[in-house]
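A short write-up of the structure that comes next.
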Amino acid sequence: MNLRTAKSFLLIALIIGLTNCGSDGTGPGTDGNSVSISRTSVTLTFLGETTQLTATVRNSKSVPVSGQVTWSSGAPTVATVSSNGLVTAIGNGQATLTATSGSLSATASATVQQVATSLSVISGNAQTDTVGQLLTEPLVARVEDQGGTAVSAVSVNFSISQGGGSLSETSVTSDSDGKASTTWTLGTTSGTQNVAAIVQGSESGKASFSATATPGPATAFSKESGDQQIGKNNRPLPEPVAAAVKDEFGNGIAGIPVTFAVTDGGGSINPADSVTGETGTAEGTWTMGVVGANTLTASTAAFPDLEFAATAELYVAKADLTISSMVVSPANATAFQDLTVTATITNSGDFTTGSAFDVQLLLDNVQAGNTTVSELTDNAETQVSFDVGRLASGPHTFQVVIDPNNDIDEHDEANNSVGRSAPVAAATELVAGTPARSLSLPDSMELLFNLELPSSSNLVISTSGGSGDLDLYVHHGPRPAHRDDYKCQSGSPISSESCTFNAAEPGVYHILLFAWDQFSGVTLEAQVGGDPNPFNIELVFLNGGTTEQDEAFRTSAAKWESIITDDVYAFSFADSPALANECVSGQPLISDVVDDVRIYVSIRDIDGPQPILGRAGPCYIRGLSEHPIVGMMEFDIYDFDRITDQGLLIPVVLHEMGHVLGIGTIWDRKELLVNPSAVTPSADTHFIGPHAIAAFDNAGGVNYTGGQKVPVENEAGPGSQDSHWREAVFNAELMSPFVDSGVQNPLSRITIQSLADLGYGVDPTQSEPYSVPLAADLVSPDRGLGIDLRDDIRIGPILVVGPKKSRR
Numbered sequence: 010m011n012l013r014t015a016k017s018f019l020l021i022a023l024i025i026g027l028t029n030c031g032s033d034g035t036g037p038g039t040d041g042n043s044v045s046i047s048r049t050s051v052t053l054t055f056l057g058e059t060t061q062l063t064a065t066v067r068n069s070k071s072v073p074v075s076g077q078v079t080w081s082s083g084a085p086t087v088a089t090v091s092s093n094g095l096v097t098a099i100g101n102g103q104a105t106l107t108a109t110s111g112s113l114s115a116t117a118s119a120t121v122q123q124v125a126t127s128l129s130v131i132s133g134n135a136q137t138d139t140v141g142q143l144l145t146e147p148l149v150a151r152v153e154d155q156g157g158t159a160v161s162a163v164s165v166n167f168s169i170s171q172g173g174g175s176l177s178e179t180s181v182t183s184d185s186d187g188k189a190s191t192t193w194t195l196g197t198t199s200g201t202q203n204v205a206a207i208v209q210g211s212e213s214g215k216a217s218f219s220a221t222a223t224p225g226p227a228t229a230f231s232k233e234s235g236d237q238q239i240g241k242n243n244r245p246l247p248e249p250v251a252a253a254v255k256d257e258f259g260n261g262i263a264g265i266p267v268t269f270a271v272t273d274g275g276g277s278i279n280p281a282d283s284v285t286g287e288t289g290t291a292e293g294t295w296t297m298g299v300v301g302a303n304t305l306t307a308s309t310a311a312f313p314d315l316e317f318a319a320t321a322e323l324y325v326a327k328a329d330l331t332i333s334s335m336v337v338s339p340a341n342a343t344a345f346q347d348l349t350v351t352a353t354i355t356n357s358g359d360f361t362t363g364s365a366f367d368v369q370l371l372l373d374n375v376q377a378g379n380t381t382v383s384e385l386t387d388n389a390e391t392q393v394s395f396d397v398g399r400l401a402s403g404p405h406t407f408q409v410v411i412d413p414n415n416d417i418d419e420h421d422e423a424n425n426s427v428g429r430s431a432p433v434a435a436a437t438e439l440v441a442g443t444p445a446r447s448l449s450l451p452d453s454m455e456l457l458f459n460l461e462l463p464s465s466s467n468l469v470i471s472t473s474g475g476s477g478d479l480d481l482y483v484h485h486g487p488r489p490a491h492r493d494d495y496k497c498q499s500g501s502p503i504s505s506e507s508c509t510f511n512a513a514e515p516g517v518y519h520i521l522l523f524a525w526d527q528f529s530g531v532t533l534e535a536q537v538g539g540d541p542n543p544f545n546i547e548l549v550f551l552n553g554g555t556t557e558q559d560e561a562f563r564t565s566a567a568k569w570e571s572i573i574t575d576d577v578y579a580f581s582f583a584d585s586p587a588l589a590n591e592c593v594s595g596q597p598l599i600s601d602v603v604d605d606v607r608i609y610v611s612i613r614d615i616d617g618p619q620p621i622l623g624r625a626g627p628c629y630i631r632g633l634s635e636h637p638i639v640g641m642m643e644f645d646i647y648d649f650d651r652i653t654d655q656g657l658l659i660p661v662v663l664h665e666m667g668h669v670l671g672i673g674t675i676w677d678r679k680e681l682l683v684n685p686s687a688v689t690p691s692a693d694t695h696f697i698g699p700h701a702i703a704a705f706d707n708a709g710g711v712n713y714t715g716g717q718k719v720p721v722e723n724e725a726g727p728g729s730q731d732s733h734w735r736e737a738v739f740n741a742e743l744m745s746p747f748v749d750s751g752v753q754n755p756l757s758r759i760t761i762q763s764l765a766d767l768g769y770g771v772d773p774t775q776s777e778p779y780s781v782p783l784a785a786d787l788v789s790p791d792r793g794l795g796i797d798l799r800d801d802i803r804i805g806p807i808l809v810v811g812p813k814k815s816r817r
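Positions in the sequence shown are counted from 1; adding 9 to them yields my numbering.
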């Protein structure tokens, strides 16, 4: 080779070498220099468990490069590895996993060691045998790993957990199938017995076995109770006589016939023939015969008879005075109310008292009254009453004592007194026309006042001035135990509240001020007389109809205003305006004061002639009383013209306005609706307001047998069910879901009194004549011509403004 040739060869070799330094001529070469695995060892604890390994090929500069990798396992019976490095546990042991790329390779170790995580019962559970016997089947449990595969060579501990007895083995090593077994000899107590099994060192590997141990053969027949009693001739003994059949361990044996027979003294036993129960005991009531010694025997097969003895003393008929009822009224009294204690005295004995006797009243263990009751014959009763008057506030105890001097010979003197606790609440007397000023109260506290109204008059009780947030509660009659049950509840978000009672009934009015937030500087006053403050319905026509149609709304509003007698406190939206269109399309922003309810009316094209006539209901309600503040009535103009032509304009509008006021729309909120059919189709849905129930009974429903009262529609579908009176019962009544044509659709006293149950003051005399049809629960309504008001309830949420809830 000459020099020129040698230089050319070296140049070519250099170029080739430089080219092989990198795939793009700038980086390191692609040839692998090493292989590594993401983990050098893995541990698997149950068969079938998998884990992922990754192999990486790197060049001499430790930079990953591409390269084909193959995987293999040195012990595939222990662990396998897939082509992409997924390792699967096959059996306990160790395996070497190899990743190979060309001439390069790397290894990782895989250890498979099952961990016992559960113990399952295989056989031997729920056996039945005689006490003390070895069960025929052994108890077998299987140890399993997390994947449900049997685990061998694991210690399982067995122990008696209930019933006694013994086990052949208490610590057993699981076999190749994961099974561990022992035999169980039952204890000597009949009934359920239990064995617990647990994998040693495991919290979750537990199992339990149970067995029923039945009594052994009868070995004893003995007197259980009732021997050697003393009673009265011709009267039952105080306790029954009882005999028991038991096995050698004292377990009672059920189902053994036992016969009782009187052997001396006469008398009787009931029942004479008996059978032992679960405790092995048979018993009977023994009625004494003659005065003196009485005997009877108890007998059963294979045992000597048992003899019971008793002594009968001469029975003397006597009175037995008891207090069958005791009432302290009024309940939940205040310090400004007179208390009365009334008790019913009953002679439950079999002889007259023979003479008059005293009844004493103790107040806080000091005599507060005494009265004399005339002779009381057997099975007769009488009533006594004590006028206690007013008591200081605080806890008090009353006790009525019959015959305190024990002048009457009775069967039982221990039942001659009854006591009642009667806490008296502190209250301040409020005089009409004399305000109580500068009132203050910390958060969540109450102040009580009493107002005595001597005669019927218009009455307004109100608070004003000061700062903070108080709520006003007023109730006529007995004071409720909790403020949530007061009739009038005024809860605006300020300190100005009012309760109105037009033509208020005379008597005591309970007034409660509750500090929703602490308040101070507040004035409370009662105004009597003056002009009535009526209930007001404000109509706002967003889209009016004809003159006749608009007038129907005004007429209906006037009707409801005559029914609802008392004003409801006005509500201001100034601090929290109601958004436009939130109640009904076209409704403007509401930021003023509403007194008492505002109804937005819209007569427009909804869907053309039928099926939707319209919808109505409240949109905003007050937080405490839940009386509506704002509502809507929307009608389809085409259908509204149709009902106008049919002469049904007034009843339809009156009906829908009733929904706005709360009829059928706030029943569930007031917890007056039971078994709603929306939850249980065709359930016996009913309204449980006491005023409405009384009106239903007075209208002919007292003998109603179709379910509970007052029946509510349960089959008319959404929008009608749970919100109307039941059509099949009420027929043409105004608030049923169908307005009949050609007949009157009366607004009944039932409907008006349902408003009273909602907390409104009402005038029931404004009702129209109506009687519940006879056998109405069997009548299938024939709707004929008229207007079907199904699905007439407004769709959308009812928003609570000033949302104050109970703080019981």
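Even for Gly, the Cβ is constructed at its ideal location relative to N, Cα and C.
Exposed unless 16 or more other CB atoms sit within 10 angstroms - verdict on residue i
i	result
residue 454	exposed
residue 748	buried
residue 657	buried
residue 631	buried
residue 624	buried
residue 350	buried
residue 746	buried
residue 376	exposed
residue 561	buried
residue 665	buried
Residues near residue i by beta carbon distance below 8 Å, same chain, minus five either side
i	result
residue 419	327, 328, 329, 330, 358, 412, 425
residue 139	195, 222, 223, 224, 225
residue 442	534, 535, 536, 537
Span separating the alpha-carbon of residue i from that of residue j
i	j	result
residue 620	residue 477	51 Å
residue 31	residue 72	Because the pLDDT at residue 31 is just 35, under 50, the model does not fix this residue reliably, and the value given afterwards should be weighed accordingly. Approximately 12 Å, taken between the alpha carbons.
residue 55	residue 226	51 Å
residue 169	residue 141	14 Å
residue 786	residue 701	For residue 786, the predicted model reports a pLDDT of 42, less than 50, meaning its position is unreliable and no value from the coordinates is stated.
residue 810	residue 638	9 Å
residue 566	residue 783	32 Å
residue 263	residue 285	5 Å
residue 465	residue 512	6 Å
residue 437	residue 768	25 Å
residue 828	residue 190	There is no way to answer for residue 828, as the model of the chain reaches only from 10 to 817.
residue 105	residue 44	15 Å
residue 653	residue 605	29 Å
residue 808	residue 356	59 Å
residue 379	residue 509	43 Å
residue 41	residue 81	20 Å
residue 646	residue 501	37 Å
residue 127	residue 258	37 Å
Beta-carbon contacts of residue i that lie in its chain and below 6 Å, excluding the five residues immediately before and after
i	result
residue 46	62, 64, 108, 115, 117
residue 268	282, 308
residue 53	98, 121
Contact set for residue i: own chain, Cβ-Cβ below 7 Å, skip 5 residues either direction
i	result
residue 279	293, 294
residue 312	230
residue 428	406, 407, 408
beta-carbon residue i near the ligand ZN non-hydrogen atom, thresh 8 Å
i	result
residue 647	Absence of the ligand ZN is noted for the structure shown, with no ligands found whatsoever.
| message | Across the stretch 486-499 and the stretch 510-527, are there enough close Cβ pairs to call them in contact, namely three or more that are closer than 8 Å? | response | Contact holds: three or more Cβ-Cβ distances are below 8 Å.
| At which residue ranges does the stretch 685-746 contain complete alpha helix (DSSP H) runs of 4 or more residues, listed in the order of the chain? | Complete alpha helix (DSSP H) runs here, min 4: 699-705, 736-739.
| What are the complete beta strand (DSSP E) segments, minimum 3 residues, inside the stretch 396-425? | As for any beta strand (DSSP E) of minimum length 3 sitting wholly inside the stretch 396-425, the runs are 406-411, ordered along the chain.
| request: Report yes or no: do the stretch 240-254 and the stretch 291-300 share at least 3 C-beta pairs separated by less than 8 Å? | output: Flag = yes, the stretch 240-254 and the stretch 291-300 touch.
| message | Across the stretch 235-250 and the stretch 185-205, are there enough close Cβ pairs to call them in contact, namely three or more that are closer than 8 Å? | response | Result no; under three Cβ-Cβ pairs closer than 8 Å.
| request: Would you check if the stretch 334-347 and the stretch 359-368 touch, i.e. whether three or more CB-CB distances between them fall below 8 Å? | output: Here the stretch 359-368 does not lie against the stretch 334-347, with fewer than 3 beta-carbon pairs under 8 Å apart.
| field | the stretch 87-96 touching the stretch 147-157, judged by at least three CB pairs closer than 8 Å | value | No, they do not touch.
| Does the stretch 686-701 come within contact of the stretch 658-672, defined as at least 3 CB pairs closer than 8 Å? | The stretch 686-701 vs the stretch 658-672: no contact.
| said: Whether or not the stretch 213-226 and the stretch 294-304 are in contact is what I'm after, with contact meaning three or more pairs of Cβ atoms, one per stretch, closer than 8 Å; do they touch? | reply: They do not touch, by the three-pair rule.
| beta strand (DSSP E) segments (min. 3 residues) lying fully within the stretch 194-238 | Listed in chain order, they are 200-208, 215-223, 227-234.
| request: Report the residue ranges of all beta strand (DSSP E) runs contained in full by the stretch 608-688; include only those spanning at least 3 residues, in chain order. | output: For the beta strand (DSSP E) assignment, the uninterrupted runs of no fewer than 3 residues enclosed by the stretch 608-688 are, from N- to C-terminal side, 623-631, 637-645.
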